[in-house]
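Protein chains: 2
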Amino acid sequence: MKIALAQLNYHIGNFEVNTQKIIQSATKAQSLGAELIVFAELAVSGYPPRDFLEFDDFINRCAFAVSDIADHCKDIAVIVGTPIKNPAEKGKPLFNAAAFISNGEVQYFRKALLPNYDVFDEYRYFEPSHEFEILHFKGKKIAVTVCEDLWNIGNDPLYTINPMDELMKHQPDFMINIAASPFDYLQAKTRTAVLQKNVEKYKIPLIYVNHVGSQTELLFDGGSMSISADNQIFNQLPFFREDMQIIETDSLFTPITAIRSSIEVSETELIHDALVMGIKNYFEKLGFTKAILGLSGGIDSAVTMVLAARALGAENVLGLLMPSQFSSQHSVDDAIQLANSLGSPFKTIPIEKLYTSFENQLETEFKDLPFGIAEENIQARIRGVLLMAMSNKFGHIVLNTSNKSEAAVGYGTLYGDMNGGLSVLGDVYKTRVFELAHFINKDSEVIPSNTIAKPPSAELRPNQKDSDSLPDYDILDQILFQYIECRNGPKELIAMGFEEKIVNRVLKLVNTNEYKRHQTPPILRVTTKAFGMGRRMPIVAKYLS
Amino acid sequence: MKIALAQLNYHIGNFEVNTQKIIQSATKAQSLGAELIVFAELAVSGYPPRDFLEFDDFINRCAFAVSDIADHCKDIAVIVGTPIKNPAEKGKPLFNAAAFISNGEVQYFRKALLPNYDVFDEYRYFEPSHEFEILHFKGKKIAVTVCEDLWNIGNDPLYTINPMDELMKHQPDFMINIAASPFDYLQAKTRTAVLQKNVEKYKIPLIYVNHVGSQTELLFDGGSMSISADNQIFNQLPFFREDMQIIETDSLFTPITAIRSSIEVSETELIHDALVMGIKNYFEKLGFTKAILGLSGGIDSAVTMVLAARALGAENVLGLLMPSQFSSQHSVDDAIQLANSLGSPFKTIPIEKLYTSFENQLETEFKDLPFGIAEENIQARIRGVLLMAMSNKFGHIVLNTSNKSEAAVGYGTLYGDMNGGLSVLGDVYKTRVFELAHFINKDSEVIPSNTIAKPPSAELRPNQKDSDSLPDYDILDQILFQYIECRNGPKELIAMGFEEKIVNRVLKLVNTNEYKRHQTPPILRVTTKAFGMGRRMPIVAKYLS
Chain A
1157 MKIALAQLNY HIGNFEVNTQ KIIQSATKAQ SLGAELIVFA ELAVSGYPPR
1207 DFLEFDDFIN RCAFAVSDIA DHCKDIAVIV GTPIKNPAEK GKPLFNAAAF
1257 ISNGEVQYFR KALLPNYDVF DEYRYFEPSH EFEILHFKGK KIAVTVCEDL
1307 WNIGNDPLYT INPMDELMKH QPDFMINIAA SPFDYLQAKT RTAVLQKNVE
1357 KYKIPLIYVN HVGSQTELLF DGGSMSISAD NQIFNQLPFF REDMQIIETD
1407 SLFTPITAIR SSIEVSETEL IHDALVMGIK NYFEKLGFTK AILGLSGGID
1457 SAVTMVLAAR ALGAENVLGL LMPSQFSSQH SVDDAIQLAN SLGSPFKTIP
1507 IEKLYTSFEN QLETEFKDLP FGIAEENIQA RIRGVLLMAM SNKFGHIVLN
1557 TSNKSEAAVG YGTLYGDMNG GLSVLGDVYK TRVFELAHFI NKDSEVIPSN
1607 TIAKPPSAEL RPNQKDSDSL PDYDILDQIL FQYIECRNGP KELIAMGFEE
1657 KIVNRVLKLV NTNEYKRHQT PPILRVTTKA FGMGRRMPIV AKYLS
Chain B
1157 MKIALAQLNY HIGNFEVNTQ KIIQSATKAQ SLGAELIVFA ELAVSGYPPR
1207 DFLEFDDFIN RCAFAVSDIA DHCKDIAVIV GTPIKNPAEK GKPLFNAAAF
1257 ISNGEVQYFR KALLPNYDVF DEYRYFEPSH EFEILHFKGK KIAVTVCEDL
1307 WNIGNDPLYT INPMDELMKH QPDFMINIAA SPFDYLQAKT RTAVLQKNVE
1357 KYKIPLIYVN HVGSQTELLF DGGSMSISAD NQIFNQLPFF REDMQIIETD
1407 SLFTPITAIR SSIEVSETEL IHDALVMGIK NYFEKLGFTK AILGLSGGID
1457 SAVTMVLAAR ALGAENVLGL LMPSQFSSQH SVDDAIQLAN SLGSPFKTIP
1507 IEKLYTSFEN QLETEFKDLP FGIAEENIQA RIRGVLLMAM SNKFGHIVLN
1557 TSNKSEAAVG YGTLYGDMNG GLSVLGDVYK TRVFELAHFI NKDSEVIPSN
1607 TIAKPPSAEL RPNQKDSDSL PDYDILDQIL FQYIECRNGP KELIAMGFEE
1657 KIVNRVLKLV NTNEYKRHQT PPILRVTTKA FGMGRRMPIV AKYLS
């Protein structure tokens, strides 16, 4: 049987576009001889639809999309993800389902394991299924599952049941899993391992279709694939772009060494590609084309600008230089050199006079009090006002350039450099930002070498260095990784050999700066634990703080 | 049997303070003759601890708190809420439990129904219990449940089981329910109805203990109570403050008409009291005493200032007047009159010169383009910078004064008037803000009558009125209520008689302004659906937009 794997970029709530894409792919696949085409989880609505799922109108539009697909796909069968109503009186009002559409008839296979951790909220909307039916199609028995249904296979089972154990009672010929599995730089490996463990356990082939494209902070990397009965990966679809491939299921039973189509790439390259896609899709889905960012001559704004130029075209990214009395000449030079090397426009608006106006206006209140955080923040906030003024006047989206290390310890000014429509590096530790810069410069000096070589500084007072206020990034980032990604507490961190005083200081900084992170832009998620919807912390808490 | 109901204000993660409060209350109750004292759900950790629950260290500190309580409470038994580890290999790693502590021994009763809607995320952390044991104490059989366990009793059951149905098989003498039931202006009635439905169904008395006090956006109103077997409310504890009361369980079987201790109050008064508590607790729990807010002469800042003065003391609330060339004289006069009537300090920093500085600095870029949104926003953002400068210099928290109607349709400037550490009115529609003003003025003119009488205006351009850009608040607020609180879609709204054009415009405004709400301060929650953690929407979506 010829089956098409369609890896598409959907737009949440944009039923017209999603349905059209699905029907077009099905028509194409049919013309190429496919008998069945498989789309991703909740493809008709886009993933995650979040609280739109609480609106009857939204669910009705999903149902209409399914019937529209059924009307248009008479000569090819379709598997496509959609929310459906729970007809029972008790339980949550919806199921997360795979619709099997054939000859105008629709049969639903409902998700049993509902992820409800990190960025996932599926128990908020869906009732878990307790029924396990097999799909009969063209003489084959197919075990159809939805994403998480295959994931309860590791050493630390989150669920008490395992859907494939139930489905195996029907002796299926192969498995089809439709997914919405977001990217992080470890996920492609984890995902492949989980899928292969299923094939190893159940000894039948697997066809796996994922989303591609980004939805605000969530990046979907694609990487859909088939796995043969002898656990070789077949026809893996590309990462970070749409594609469709057709496989012949018989070939999945032939024990050969398959050629894996994906190339092994470094974590840093994966992150680079993911962030470029994240920026591109954010702008496209909001209908914007132009970005603006503050260009300081530092490494964070340089890397952000390169990524934005690669996503949107260099000509669409405006660098705004806003030097103050504390800006060094090399900062200005480095910023200009970067814009020129990219071929991006830049403009300069000095902030010294504006800062003096604020000083004058606040003189009565501030009197002779010494220069401090308030004055540093005024400079950052003037820059924020200027970026937003340009954005409002000319229709740019402001890109935020804060990195994860800064966001973690609150080293940034709320309503100043923490502004933006989208945070590009908010899930990238400073040490990784350096790796990204080296990766970007691997063939030629895109980012000025001086930007990479000089010690990081906010330049908000004379001779300021990040290292005046923070531990070295090498140490800081390790502690943050252990605390944020690995959820290790103070005892575990000290046992690892980190100095107690530094551990306590860093954890306190992280916890007391929750209020700042509460008000920051959405952050493109590239690790297993990003700030934002996947990390939910109380603000008034008193814990390690 | 004498049982004490302890309604306390806990602080998330502050184990030392929480444990001490619990032990002190137990000691006092024992001295008053109580044999058992009952505290709220997750009292040892505070509620909601959110992702702190993912830290082993946090869970260990909860366990330590329970053993500390056991060590100190030898002559009185205690029921107190705590997270505990799930000893099973499968399922989520924790249970949400009621610990029964007696003579140094601890027995756990685990929550079966886990709320995972609106502001609740309990499936994120906890495994639901499937075991239903009865507590034997002093010859009585007690059905101990945790909050939601009693809530599957309405017409729209979210869950497929009902814990009390199971527990009734043991023929308990009475029920004890420990809760974390947050306030909204309808919740006290809903909660009482649900509890009475349980007593009506099971025909045994109920002892119910809730949290009081606020945790960032969540306000707990208390209102703990006993309900007799003949469904009369006994000894209801007060709303919005800590208290302890002792009841004799025998009296709960005597059919008398009990005197309900709470007074029926209006929705607006409830909201008033809840907001005052919310401000007070936010400052206390973060260790701050002083607030600052922009005082425009308008009704939102006036109501916010009165609530803040009642929460923190008038002397601790600084009103900052920041008039521009577009500010009318009456706005300035009204603002000063308000500060004087409260006895609060105020200061004036005009923004005209600062605005001119920005105009000059942006002249090269803006050229002869007409005055528009960019220029309006610059004014609002200058005010934001000034408020934050004062806050940074003198240690105030900035109070945000945006109301729910504005937040809904995006009528506000990000990084300008949308700034603040806490949004006081972000869950209060404009029409309700007027009701709050009238309530505040019921005995004397605290808020200048002119502030209430004049048409709302942002005063960011000559003769601007809110009604230039928005439908009348009477209509707008009704549409917003139906869309946000009731989740009615366009069809339902039009069927209710709202004009199609206005409905589509308002819904589009709400949906396209999600990006602004993503970056706003935490909002004190007073309705069944507040912006923030209880309403989760995608930003890049294209739905009704």
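Taken in sequence, the protein lines are chains A and B.
Per the numbering used here, the first sequence starts with residue 1157, numbered consecutively.
Per the numbering used here, the second sequence starts with residue 1157, numbered consecutively.
Using N, Cα and C, we set each Cβ at its ideal position, and we do this for glycine too.
As the structure is a computational prediction, the values presented were derived from the model and not from experiment.
I'd like the list of long-range same chain contacts for residue i, defined as Cβ closer than 8 Å, with 5 residues on each side in sequence excluded.
i: A/K1359; result: A1385
i: A/V1659; result: I1635, P1646, L1649, I1650
i: B/N1667; result: M1693, A1697, Y1699, L1700, S1701
i: B/G1690; result: D1274, V1275, R1681
For the ligand ZN, any of its heavy atoms closer than 7 Å to the Cβ of residue i?
i: A/G1260; result: Looking for the ligand ZN in the displayed structure turns up nothing, as the structure carries no ligands at all.
Only counting the same chain, and skipping five residues up and downstream in sequence, which positions put a Cβ closer than 6 Å to that of residue i?
i: B/D1399; result: Q1163, L1393
i: A/P1106; result: An answer regarding residue 1106 of chain A cannot be provided, because it is not within the stretch 1157 to 1701 covered by chain A.
i: A/N1221; result: Residue identity check: residue 1221 of chain A is Ala in the sequence provided, not Asn. Excluding positions up to five away in sequence, the list reads F1171, T1175, V1200.
i: B/D1329; result: K1296, K1297
i: B/P1627; result: I1658
i: B/V1662; result: I1635
Return the chain-ordered list of same chain residues with a C-beta closer than 7 Å to the C-beta of residue i, the five sequence neighbours on each side being excluded.
i: B/T1569; result: N1533, A1536, R1537
i: B/P1684; result: Residue identity differs from the one stated: residue 1684 of chain B is Thr in this sequence, not Pro. Taken in chain order, the residues that qualify are D1340, L1342, E1641.
i: A/S1417; result: At A/S1417 the pLDDT is 49, less than 50, meaning the model places this residue with poor confidence and gives no usable figure here.
Report the rounded CA-to-CA distance for residue i versus residue j, giving the unit in angstroms.
i: B/R1280; j: A/F1482; result: 47 Å
i: B/N1333; j: B/D1377; result: 16 Å
i: B/F1409; j: B/K1325; result: 20 Å
i: A/S1134; j: A/E1322; result: No answer is possible for residue 1134 of chain A: it lies beyond the span of chain A, which begins at 1157 and ends at 1701.
i: A/A1336; j: A/L1632; result: 33 Å
i: B/V1350; j: B/Y1315; result: 15 Å
i: B/K1294; j: B/F1211; result: 37 Å
i: A/T1373; j: B/G1566; result: A small fix is needed here, since residue 1373 of chain A is Glu in this sequence, not Thr. Each residue's alpha carbon lies about 21 Å from the other.
i: A/S1579; j: A/A1686; result: 11 Å
i: B/S1484; j: B/E1615; result: 8 Å
What are the boundary residues of the beta strand (DSSP E) that residue i is part of?
i: A/Q1388; result: Here A/Q1388 belongs to no beta strand (DSSP E), and DSSP marks it neither H nor E.
i: A/N1252; result: 1250 to 1258
i: B/L1474; result: 1473 to 1477
i: B/N1556; result: 1553 to 1556
i: B/G1295; result: No beta strand (DSSP E) holds B/G1295; DSSP gives it neither H nor E.
i: A/R1266; result: 1261 to 1266
i: A/Q1401; result: 1399 to 1404
i: B/M1331; result: 1330 to 1334
i: B/A1219; result: Not the beta strand (DSSP E): B/A1219 falls in the alpha helix (DSSP H), residues 1212 to 1228.
In the DSSP assignment, find the alpha helix (DSSP H) that holds residue i and state where it starts and stops.
i: A/S1547; result: 1529 to 1550
i: B/T1346; result: 1343 to 1358
i: B/A1196; result: Counting along the chain, B/A1196 falls outside any alpha helix (DSSP H), and DSSP gives it neither H nor E.
Which residues in chain E have a C-beta closer than 8 Å to the C-beta of residue i? List them in chain order.
i: B/K1647; result: Considering every chain present, this structure includes no chain E. Its protein chains are A and B.
Members of the stretch 1308 to 1319 of chain B near chain A, C-beta cut-off 9 Å: N1308, D1312, P1313, L1314, Y1315, T1316, I1317
Taking a Cβ distance cut-off of 9 Å, strictly less, list which residues of the stretch 1332 to 1366 of chain B are near chain A, in chain order. none
Taking beta-carbon pairs under 7 Å, can you tell me which members of the stretch 1544 to 1571 of chain B lie near chain A? M1544, A1545, M1546, N1548, K1549, Y1571
Under 8 Å (Cβ pairs) to chain B, residues found in the stretch 1213 to 1235 of chain A: D1213, F1214
Is the stretch 1301 to 1311 of chain A touching the stretch 1261 to 1281 of chain A in the sense that three or more CB pairs, one from each, lie closer than 8 Å? yes
At a CB distance below 8 Å, what residues from the stretch 1663 to 1678 of chain A approach chain B? Give them in sequence order. Y1671, H1674, Q1675, T1676, P1677, P1678
Is the stretch 1461 to 1479 of chain A touching the stretch 1495 to 1504 of chain A in the sense that three or more CB pairs, one from each, lie closer than 8 Å? yes
For the 8 Å Cβ check, are there 3 or more pairs between the stretch 1181 to 1189 of chain A and the stretch 1205 to 1216 of chain A? no
What are the residues of the stretch 1512 to 1533 of chain B that lie near chain A, defined by any Cβ-Cβ distance shorter than 9 Å? T1512, S1513, F1514, N1516, Q1517, L1518, T1520, E1521, F1522, L1525, G1528, I1529, A1530, E1531, E1532, N1533
For the 8 Å Cβ check, are there 3 or more pairs between the stretch 1418 to 1427 of chain A and the stretch 1435 to 1451 of chain A? no
Within 7 Å of chain A by C-beta, residues of the stretch 1684 to 1696 of chain B in sequence order: R1691, R1692, M1693, P1694, I1695, V1696
Between the stretch 1366 to 1384 of chain A and chain B, which residues of the former have CB atoms less than 7 Å from a CB of the latter, in chain order? Q1371, T1372
Going along the stretch 1422 to 1453 of chain A in order, which residues come within less than 7 Å of chain B, judged by CB to CB distance? Y1438, K1441, L1442
Which residues, in order along the stretch 1468 to 1501 of chain A, keep a beta-carbon less than 7 Å from a beta-carbon of chain B? none
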